[in-house]
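Heads up: the structure comes next, in structure tokens.
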Amino acid sequence: MNSEEVIKKIIEKKISITTMESCTGGFLISCITDVEGASTITEGGFVTYSNEQKERVGVPKETINTYGVYSSETAEKMAEVCREKMNCHIGIGVTGTLSNVDPNNSDSVQGEVYFCIKYDDKTVSKKITVPIESRHKQKEFIRDNVFNEMGKLIYSLNENF
Numbered sequence: 001m002n003s004e005e006v007i008k009k010i011i012e013k014k015i016s017i018t019t020m021e022s023c024t025g026g027f028l029i030s031c032i033t034d035v036e037g038a039s040t041i042t043e044g045g046f047v048t049y050s051n052e053q054k055e056r057v058g059v060p061k062e063t064i065n066t067y068g069v070y071s072s073e074t075a076e077k078m079a080e081v082c083r084e085k086m087n088c089h090i091g092i093g094v095t096g097t098l099s100n101v102d103p104n105n106s107d108s109v110q111g112e113v114y115f116c117i118k119y120d121d122k123t124v125s126k127k128i129t130v131p132i133e134s135r136h137k138q139k140e141f142i143r144d145n146v147f148n149e150m151g152k153l154i155y156s157l158n159e160n161f
């Protein structure tokens, strides 16, 4: 199932969704809102490009300091926080480094991205290596991975998905 098919199924099932995105810069929520009917499942998402913005929205500073901003733990907190703030079934958190190493964060590794999907009481966390291509292609690669995992998760919980 491609991302648009997953989104259409989420709309059909009336499963609410939100995102907190760093390296994807809002690309995932944009892809969601590109599908007709998205307003029935989302009120929006968060773009938290800096550590400070993640903290302002609710990601604990201790998580970032202990595990690093580029970690599965931070992606999980991002998913948890956005889901709680928007009162949704699904929260997605994405953090990582695309083409260039981040000089402001020592844990930055080129092409290393973490994402987490929280759906009710289920959690899927993944670390992926993004090919060094154009930023748009990298965001598409991340989107495809996120929605592939989300489709599998939702299908495992809803047999007629």
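Residue numbers are given in full-length UniProt numbering: position 49 of the sequence shown equals residue 49, and the series is strictly consecutive.
Here a beta-carbon is modelled for each residue, glycine too, at the ideal position from N, C-alpha and C.
Query	Result
When you compare only the Cα positions, how much space is there between Glu21 and Gly45?	8 angstroms
Compare the Cα-Cα distances from Leu153 to each of Cys116, Asn87, Ile32, Met86 and report the closest residue.	Cys116
Contact check, residue 166 vs Gly151 under 8 angstroms by CB: the rounded distance?	There is simply no residue 166 to check, as the chain begins at 1 and stops at 161 in what is shown.
Note the first and the last residue of the continuous beta strand (DSSP E) segment covering Lys127.	122-129
Under 8 angstroms between the Cβ atoms of Lys127 and Glu149?	no
Would you mind reading off the limits of the alpha helix (DSSP H) that contains Met150?	135-157
Of the residues Ala79, Phe27, Thr40, which one's Cα is nearest the Cα of Ile10?	Thr40
Compute the Euclidean distance between the alpha carbons of Cys82 and Gly58, then round it to the nearest angstrom.	8 angstroms
Could you spell out the range, first to last residue, of the alpha helix (DSSP H) harbouring Ile32?	27-33
Can you give, in chain order, each stretch of the beta strand (DSSP E) that sits fully within the segment 57-107 and has at least 3 residues?	90-96
Can the beta-carbon of Ile15 be found closer than 8 angstroms to that of Ile90?	yes
Using alpha carbons as the reference points, say which of Glu62, Ala38, Gly96 lies closest to Thr48.	Gly96
Could you tell me how far apart the beta carbons of Tyr114 and Ala75 are, in whole angstroms, since I believe they sit closer than 8 angstroms?	4 angstroms
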